[in-house]
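These protein sequence lines are chains A and B, in that order. Residues in the first sequence are numbered consecutively from 927, following the working numbering. Residues in the second sequence are numbered consecutively from 1186, following the working numbering.
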Amino acid sequence: MTGGSGATLSETAYGLAFGLLLLTPLAIAGVALMNTGLGRSRSAAQSLLGSLLIVAVAVLVFCVFGSSFAGFGSHAGASLMIAGKAWDWVGHEPILLGGAGLQDPTTLRAPLMVLLQVLSVGLAAIIPWGSGADRWRTPAACIATVATAGVLFPLVAHWVTGAGWLAQLGANFGLGVGFLDAGSGASVQVLGGLTALCVVWIAGPRRGKFPKSGVSTAIPGHHVIFVLLGCLLALAGWLAWNAASALIFLSAPLSTVAGTALNTLLSASAAVLATFFITRARFGKPDASLCANGWLAGLVVSSAAGALVSPGAAIFIGCVAGVITPVLVEVLELGLSLDDPSGGVAVHGVVGIWGLLAVGLFGRLPAGVGRAGQVLAQTIGISALIGLVFPLTYLLFWLLDKRVAFRVDRDGERLGMDLHELGGGAYPEFVVHRDEFQR
Amino acid sequence: MKLAGFFLSVAGFFLTVAALVLLPSLGERFAFVICGILVECGGLGMVTRSHVEAARRMQSREGRETLR
């Protein structure tokens, strides 16, 4: 059931998967629009331009050398022998997609796998961009993207697919069918959330966000319409993404594709309604930004679980995601002084982890496969992400910050990233107002 | 404290891997993997605390600069 299995792909499935993949950039567009809307107006143009640049860097870096570490699912990578078992840690394919078999007319799966991975790395790379809004410099973000697309994403993507050590937990240690991640919940969502946390910590909070005395200052997103429109675009992208992933990674029959898309929609719907009622109960009126985060959390949780659970489980999983998202956003900001404008740490990181765990708890398993073993496989995957990938991400970003400062200088932050980096604002006809958020 | 927190996180991961390799039964493995994750969370907590203190120091410095 893991990616890159040897099962052949019919021409019909190839055509459908390719068509779906052409829609998946809508997920990237949706997240980029949400990131922009949740930041300040004085950084809007920099935010969207930065998203384009980050996606461009991610795609190029991944195709040039990241893909050689990621592998292409079916090929074994570099292994360590521990306790008589092969632990496949990293791929070793030729650079520039040399081992992908793109020119092989008999292989239908490989080109789709490469295209899906290239789109995945683009999405993973722009998740931290929203968390570092209003203070993360574009050149620094592009350089951090080199680390994400060249090292971090390929490592995780290799582990969870094909011959990777997490995917092989079932074969090597009898833990269910091995780590299951149908729609890149680990390599895109959780990795994106963890990189977002590193960026927020290294860049520090926006000036005036946490005053010396009193509670943190609310800095609302400048364009809630962008945020909500981004949610709708993300839905279209995610529906296609999860359905295409099920076809490519899981070799799912064509008849199950509609069910996967339906589960995605059910998760998102349950999540946004849960967030709506939670915020209404908490603040007296529903909060549009948090509801948007709840919607996205429902989509994120469906990345891992959408293709593997029943509709009832999808609703429950989405509902839990919708409940924990607003609570987490508040706890992280007020309790842990985390200035995360897009909520990427909560929405992609923590909810992504919940999605991975939910696959173990509620996922459909083949006959004879134990539930406890599957939950353990998922838990080991989560442990690898928190205990190995996160420290590695922080180390890489910390080193990069020493060479190219992540945070803009004081004047740049006061002027806004648009004026500072681009020389002009996104809304030149608007009257520039004083910074009412500064105390 | 931050460095110690990261080391603790990595140690938690190795505890998880050790449980996988050394322990035969599912129950024992489960218990040790949960312990490994708790150790990782402890490390993450230490790193978080270090960053909360850094954020407070930064704001305090900002407050002094504004007064000047």
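From the three backbone atoms N, C-alpha and C, an ideal C-beta is built for every residue, glycine too. Predicted model, so just to flag it, every value in this text is computed and none were measured.
- Of A:P1212, A:V1082 and A:L1260, the smallest CA-CA separation from T1143 (chain A) is found for A:L1260.
- The straight-line gap separating the alpha-carbon atoms of A970 (chain A) and A1204 (chain B) is approximately 48 Å.
- Identification of chain B residues near P1131 (chain A) by a Cβ-Cβ cut-off of 8 Å yields A1240, M1243 and Q1244, ordered along the chain.
- Residue-level contact check: G1221 (chain B) touches chain A, since one or more beta carbons of chain A fall below 7 Å from its beta carbon.
- Our two residues, A1230 (chain A) and G1224 (chain A), have alpha carbons roughly 11 Å apart in a direct line.
- Any Cβ of chain B closer than 7 Å to the Cβ of G1102 (chain A) would place that residue at the interface, and such an atom is absent.
- Secondary structure note for D1014 (chain A): its beta strand (DSSP E) is the uninterrupted segment K1011 to V1016.
- For the pair C1217 (chain A) and G1210 (chain A), the Cα-to-Cα distance works out to about 14 Å.
- Taking a Cβ-Cβ threshold of 9 Å, the residues of chain A close to F1215 (chain B) are A1298, V1301, L1302 and T1305, in chain order.
- Listed along chain A, the residues sitting closer than 9 Å to G1197 (chain B) by beta-carbon distance are S1309, I1312 and G1313.
- Using a Cβ-Cβ cut-off of 8 Å, F1136 (chain A) is close to A1240, R1241 and Q1244 of chain B, given in chain order.
- Between the C-alpha atoms of G1349 (chain A) and W1013 (chain A) there is a straight-line separation of about 51 Å.
- DSSP places S1195 (chain A) inside the alpha helix (DSSP H), whose first and last residues are V1183 to F1209.
- Residue contact check for S1194 (chain B) against chain A: a CB pair falls below 7 Å.
- Shown here, R1234 (chain B) sits in a helix according to DSSP, grouped into three states.
- At least 7 Å separates the CB of L1188 (chain B) from every CB of chain A.
- Counting along the chain, the unbroken alpha helix (DSSP H) around L1207 (chain B) starts and ends at K1187 to L1207.
- Scanning the region 1284-1312 of chain A from its first residue to its last, the whole alpha helix (DSSP H) runs of 4-plus residues come out as 1297-1310.
- Exclusion of the five residues before and after N1189 (chain A) leaves S1228, G1232, V1235, P1237 and A1240 as the residues of its chain whose Cβ lies within less than 7 Å of its Cβ.
- The criterion of a C-beta distance shorter than 7 Å is not satisfied by T962 (chain A) and L979 (chain A).
- In this structure, the straight-line span from the alpha carbon of L1106 (chain A) to that of G1281 (chain A) is close to 11 Å.
- Chain order gives the chain B residues near W1127 (chain A) as H1236, where near means a beta carbon separation below 7 Å.
- Not one beta carbon of chain A lies nearer than 7 Å to the beta carbon of L1208 (chain B).
- Below the 7 Å Cβ cutoff, chain B contributes L1205 as neighbours of F1099 (chain A), in chain order.
- In this structure, DSSP gives I1021 (chain A) a state outside helix and strand, which the three-state scheme calls coil.
- Per the coordinates, the alpha-carbon of V1295 (chain A) lies some 31 Å from the alpha-carbon of L946 (chain A).
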